[in-house]
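J.: Residue numbers (my numbering): 981 to 1096.
Don't be surprised by glycine CBs; every beta carbon is placed ideally from N, CA and C.
See below:
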């Protein structure tokens, strides 16, 4: 299942909700979505999961084919000083829960299937 990263960003943004993060707001839909998003992106594109410490806690994102890809960066108003610390699914899962993960994964895969 091939998907361009621009389309994946759109699908993710459309799939984010209060069911995928308790920090979700309509003004800032990416808020609190980093761990769950990194997991779903990892499911789709593979690669690595990375993290960077921020005042709010760890921020998770992906590295795919040698390129940093942060699909939930829009939640922040300031630039991120990325440290690209290697992480994994277990650490990213600590930032979310099974229900949030299943909800985002289901939403993303449903939209991708509709586009095919």
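For residue 1007, which option in 993, 1019 and 1024 has the closest C-alpha, if you only look at C-alpha atoms?
T.: Out of 993, 1019 and 1024, 993 has the C-alpha closest to the C-alpha of residue 1007.
J.: Check whether the Cβ atoms of residue 1065 and residue 1032 sit closer than 8 Å, and answer yes or no.
T.: Yes, Cβ-Cβ distance for residue 1065 and residue 1032 is below 8 Å.
J.: Under three-state DSSP, which class holds residue 1065?
T.: Residue 1065: strand per DSSP, three-state reduction.
J.: Give every residue of the same chain whose Cβ lies closer than 6 Å to the Cβ of residue 1072, excluding the five residues on either side of it in the sequence, and list them in chain order.
T.: Taken in chain order, the residues that qualify are 1015, 1018, 1019, 1029 and 1040.
J.: According to DSSP, simplified to helix, strand and coil, what is residue 987?
T.: The answer is helix: DSSP assigns residue 987 an H, G or I state.
J.: Take the Cβ of residue 1075 as the centre, count every other Cβ of all protein chains shown within 10 Å, and call the residue buried at 16 or more, exposed below.
T.: Answer is buried; the Cβ neighbour count reaches 16.
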